[in-house]
Amino acid sequence: MATVNENYQKLPGSYLFAEIARRTNDFAAAHPDVDLIRMGIGDVTRPLVPAVIEAMHEAVDDLACAERFHGYGPEQGYDFLREAIVAGDFTSRGVDIAVDEIFISDGAKSDCGNIGDIFAIDNRVAVCDPVYPVYVDTNAMAGRAGFYDEAAQGWTDIIYMPTTAANDFCPALPEQTADLIYLCSPNNPTGTVLTHDQLKTWVDYANEHGSVILFDAAYERFIVEDDVPHSIFEVEGAKTCAIEFRSFSKTAGFTGARCGYTVVPKALERDGQSLNAMWNRRQTTKFNGASYVIQRGAAAIYTPEGKEQIEQTIAYYQENARVIKEALEASGYTVYGAVNSPYVWCETPGDIGSWEFFDILLERCGVITTPGAGFGPAGEGYIRFTAFGDAEATKEAMHRIEDLAFDMQ
Ligand code: MLT
0 MATVNENYQK
10 LPGSYLFAEI
20 ARRTNDFAAA
30 HPDVDLIRMG
40 IGDVTRPLVP
50 AVIEAMHEAV
60 DDLACAERFH
70 GYGPEQGYDF
80 LREAIVAGDF
90 TSRGVDIAVD
100 EIFISDGAKS
110 DCGNIGDIFA
120 IDNRVAVCDP
130 VYPVYVDTNA
140 MAGRAGFYDE
150 AAQGWTDIIY
160 MPTTAANDFC
170 PALPEQTADL
180 IYLCSPNNPT
190 GTVLTHDQLK
200 TWVDYANEHG
210 SVILFDAAYE
220 RFIVEDDVPH
230 SIFEVEGAKT
240 CAIEFRSFSK
250 TAGFTGARCG
260 YTVVPKALER
270 DGQSLNAMWN
280 RRQTTKFNGA
290 SYVIQRGAAA
300 IYTPEGKEQI
310 EQTIAYYQEN
320 ARVIKEALEA
330 SGYTVYGAVN
340 SPYVWCETPG
350 DIGSWEFFDI
360 LLERCGVITT
370 PGAGFGPAGE
380 GYIRFTAFGD
390 AEATKEAMHR
400 IEDLAFDMQ
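Going by numbering that gives the first Met the number 0, the first residue of the sequence shown is number 0, and it counts up by one from there.
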């Protein structure tokens with residue numbers, strides 16, 4: 000008889016965003032007249048830019064013609080995209096990354112989850128708290144997280160590193176040695192960033208302890224401040240201790256199109272093994288590459304027109320972030336993030352819990368957010384807003400919340 004992966008039985012009932020969707024759908028079914036404004040999952044709303052669309056159309060035409068047809072592509076991605084990434088994201092910032100250190104995928108979420116395949120089960124995992132749930136849930140699925148402790152709201156074998164206003168959103172180095180360390184900057188969910196010096200502390204720690212940093216830079220394009228690295232490889236020593244995940248989802252509106260990439264430096268070795276070679280082996284076995292059409296679209300964001308067009312889209316979301324931050328502050332809320340990020344992390348009023356405030360905003364304002372507690376124990380008492388919505392809807396949501404603040408006084 001087949002048996003199942005028992006680690007799945009230990010997981011919370013549903014993935015955070017699936018739970019929010021369920022609650023929202025139930026509310027919408029019961030209140031069909033409410034005009035809901037979605038500020039929960041970080042899903043983009045602006046269309047793909049013209050340069051991307053044009054490149055994708057041309058790529059479809061390629062597939063329609065025998066001479067330019069493409070079947071299976073390289074599992075690591077086409078060189079036209081890998082080369083554009085090296086030049087556009089790394090060489091331009093003075094970082095030396097080789098084409099064969101770039102692996103194109105269908106997005107950062109898959110890679111963040113799949114990377115665990117190349118690490119042993121007994122690695123000790125450390126995450127910031129609050130944290131993007133994919134890091135924790137995928138390690139729990141692999142059996143690397145121990146048991147879920149309801150009282151502590153966390154997994155017994157995961158090292159949670161509180162990342163809150165109390166430590167200026169920079170986690171302290173863990174007391175127990177961490178083997179795999181997930182860092183995300185600009186951070187999901189708090190919208191805060193790690194500076195060059197803060198990241199250097201982590202790089203030094205990882206090199207000293209033989210740890211590997213799994214660095215999620217999905218929101219890199221939102222960075223505006225100078226002292227914030229766009230890549231962990233801007234920090235000296237990172238090539239011997241870090242893997243970086245990048246995504247075109249938030250950069251260029253690819254949440255539906257699906258494309259991202261992972262950088263695994265060739266200098267990164269553990270147990271005498273090259274992690275680049277291992278990831279290559281994993282990808283060539285389990286993945287047949289992202290689609291040709293999508294990779295052509297992604298390459299177009301590195302052309303001068305594409306670059307300028309996606310900058311306009313990012314500016315649109317940055318303006319939303321500013322509107323949300325200022326409106327919430329004007330209503331008396333304490334907020335973080337929003338400056339280098341599309342996420343606004345807001346303290347809930349009084350002693351109202353995250354899920355309770357989520358319900359209040361849903362029921363009284365028709366605004367869907369994400370409760371901080373869904374991101375880990377230290378997220379309790381916070382709510383996350385995303386700036387990826389329509390500009391008018393974002394302003395309307397803020398008007399409704401201003402009225403609520405007045406109401407609650
Ligand atoms: C989020 O809302 O945290 C993200 O959109 C989730 C994701 O990128 O998978």
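Quick reminder that beta carbons are idealized off the backbone N, C-alpha and C, glycines included.
| task | Quick one: using the 10 Å Cβ neighbour count with 16 as the cut-off for buried, is VAL202 buried or exposed? | result | The C-beta of VAL202 has 16 or more other C-beta atoms within 10 Å across all chains shown, which makes the residue buried.
| message | Could you tell me which whole alpha helix (DSSP H) segments of length 4 or greater appear in the region 10 to 76? | response | Inside the region 10 to 76, DSSP marks whole alpha helix (DSSP H) runs of 4 or more residues at positions 15 to 29 and 49 to 62, from first to last along the chain.
| task | Taking 8 angstroms as the threshold, find out whether the region 132 to 150 comes into contact with the region 321 to 328 through three or more Cβ pairs. | result | By the C-beta criterion, the region 132 to 150 is judged not to be in contact with the region 321 to 328, since fewer than 3 inter-stretch pairs fall below 8 angstroms.
| query | Going straight from the alpha carbon of THR261 to that of ALA177, what length do you get? | reply | Straight-line Cα distance between these residues: approximately 22 angstroms.
| field | Residues that MET160 bridges to, as DSSP identifies them | value | According to DSSP, MET160 shares a beta bridge with CYS127.
| request: Look at ALA266 and THR239 and say whether their C-beta atoms are less than 8 angstroms apart. | output: Annotated as proximal: ALA266 and THR239, with beta-carbon spacing under 8 angstroms.
| request: Go through its chain and collect everything with a Cβ distance to THR393's Cβ below 8 angstroms, but skip five positions before and after it. | output: These residues qualify, in order along the chain: ILE36, MET38, ASN319, VAL322, ILE323 and ALA386.
| field | Residue range of the alpha helix (DSSP H) that includes PHE356 | value | Per DSSP, PHE356 belongs to the alpha helix (DSSP H) from 353 to 359.
| task | Run the proximity test for TYR260: is its beta-carbon closer than 7 angstroms to any non-hydrogen atom belonging to ligand 1? | result | TYR260 Cβ: outside cutoff for every heavy atom of ligand 1.
| request: State the Cα-Cα distance for the pair ALA337 and GLU219, rounded to the nearest angstrom. | output: Straight-line Cα distance between these residues: approximately 13 angstroms.
| message | What would DSSP say about CYS345, mapped onto helix, strand or coil? | response | DSSP places CYS345 in strand when its eight states are reduced to three.
| From the DSSP output, which residues share a beta bridge with PHE384? | PHE384 pairs with VAL343.
| query | Which term fits GLY296, buried or exposed, when burial requires 16 or more other beta carbons within 10 angstroms of its beta carbon? | reply | With 16 or more other Cβ atoms within 10 Å, it is buried.
| query | Once you ignore the five residues that flank THR254 on each side, which residues in its own chain have a CB closer than 6 angstroms to its CB? | reply | Result list for THR254: ASP42, VAL43 and SER248, in chain order.
| message | Less than 7 angstroms separating the Cβ of ILE313 from some heavy atom of ligand 1? | response | Short note on ILE313: C-beta not closer than 7 angstroms to any heavy atom of ligand 1.
| said: Alpha carbons only, please: which of PHE232, ALA377, ASP226 and SER210 is nearest the one belonging to ILE96? | reply: Comparing alpha-carbon positions, the option among PHE232, ALA377, ASP226 and SER210 lying closest to ILE96 turns out to be PHE232.
| Among residues of its own chain, excluding the 5 on either side of ASP389, which ones have a beta-carbon nearer than 6 angstroms to its beta-carbon? | Excluding sequence neighbours, ASP389 sits near THR44.
| query | How about ASN187: is its Cβ closer than 7 angstroms to a heavy atom in ligand 1? | reply | For ligand 1, a non-hydrogen atom lies closer than 7 angstroms to the CB of ASN187.
| Under the criterion of a Cβ to heavy atom distance below 7 angstroms, does ASP42 qualify as lining ligand 1? | Indeed, a heavy atom of ligand 1 lies less than 7 angstroms from the Cβ.
| task | Answer yes or no: the CB of TYR316 versus the heavy atoms of ligand 1, is any distance below 7 angstroms? | result | Result no, Cβ not under 7 angstroms from ligand 1.
| field | Where SER353 falls, given that 16 or more other Cβ within 10 Å makes a residue buried | value | Counting Cβ neighbours within 10 Å, SER353 comes out buried, since at least 16 surround it.
| query | Leaving out the 5 sequence neighbours to the left and right, which residues in its chain are closer than 6 angstroms to ALA326 when beta-carbon positions are compared? | reply | Beyond the five residues adjoining it in sequence on each side, ALA326 comes within less than 6 angstroms, by CB distance, of MET397 in the same chain, given in chain order.
| From LYS9 to PRO303, what does the alpha carbon distance come to, in whole angstroms? | When rounded, the distance between both Cα atoms is 49 angstroms.
| task | Kindly list the residues whose CB is nearer than 7 angstroms to the CB of ASN287, restricted to its own chain and excluding five residues on each side of it in sequence; keep chain order. | result | Around ASN287: TYR71 and GLU74.
| query | Looking at GLY371 and ARG383, is the spacing between their C-beta atoms short of 8 angstroms? | reply | Yes, the pair counts as a contact, with Cβ atoms nearer than the cut-off.
| message | Can you tell me where the beta strand (DSSP E) holding ALA326 begins and where it ends? | response | In the DSSP assignment, ALA326 falls outside any beta strand (DSSP E) and within the unbroken alpha helix (DSSP H) covering 303 to 329.
| field | When TYR342, ALA299, THR191 and GLY87 are compared against ASN166, the one with the closest alpha-carbon | value | It is THR191 whose Cα lies nearest to the Cα of ASN166.
| Just reading off the beta strand (DSSP E) that SER184 is part of, what are its end residues? | Per DSSP, SER184 lies in no beta strand (DSSP E) segment and is marked neither H nor E.
| field | Alpha carbon of GLN282 to alpha carbon of ILE212, nearest angstrom | value | Distance between the alpha carbons of GLN282 and ILE212: 20 angstroms.
| query | Grouping DSSP H, G and I as helix and E and B as strand, with all else coil, what is ARG269? | reply | When DSSP states are grouped into helix, strand and coil, ARG269 belongs to the strand group.
| Cα separation between GLU174 and ALA86? | Going from the Cα of GLU174 to the Cα of ALA86 covers about 39 angstroms.
| query | Measuring from the CB of TYR7, is there a heavy atom of ligand 1 at a distance below 7 angstroms? | reply | Incorrect: TYR7 has no Cβ contact closer than 7 angstroms to ligand 1.
| Do you know offhand how far PRO11's Cα is from ASP148's? | Their Cα atoms are separated by approximately 11 angstroms.
| query | Rounded to the nearest angstrom, how far is the Cβ of ILE89 from that of SER210, given a contact under 8 angstroms? | reply | One detail in the question is off: residue 89 reads as Phe in this sequence, not Ile. Not confirmed; about 23 angstroms, so no contact.
| Alpha carbon of PRO221 to alpha carbon of PHE26, nearest angstrom | With the sequence shown as reference, residue 221 is identified as Phe, and Pro is not the correct amino acid for it. Between PHE221 and PHE26, the alpha-carbon positions lie close to 32 angstroms from each other.
| Contact between the region 344 to 353 and the region 298 to 314: three or more CB pairs below 8 angstroms? | No: the two stretches stay apart, fewer than three of their Cβ pairs being nearer than 8 angstroms.
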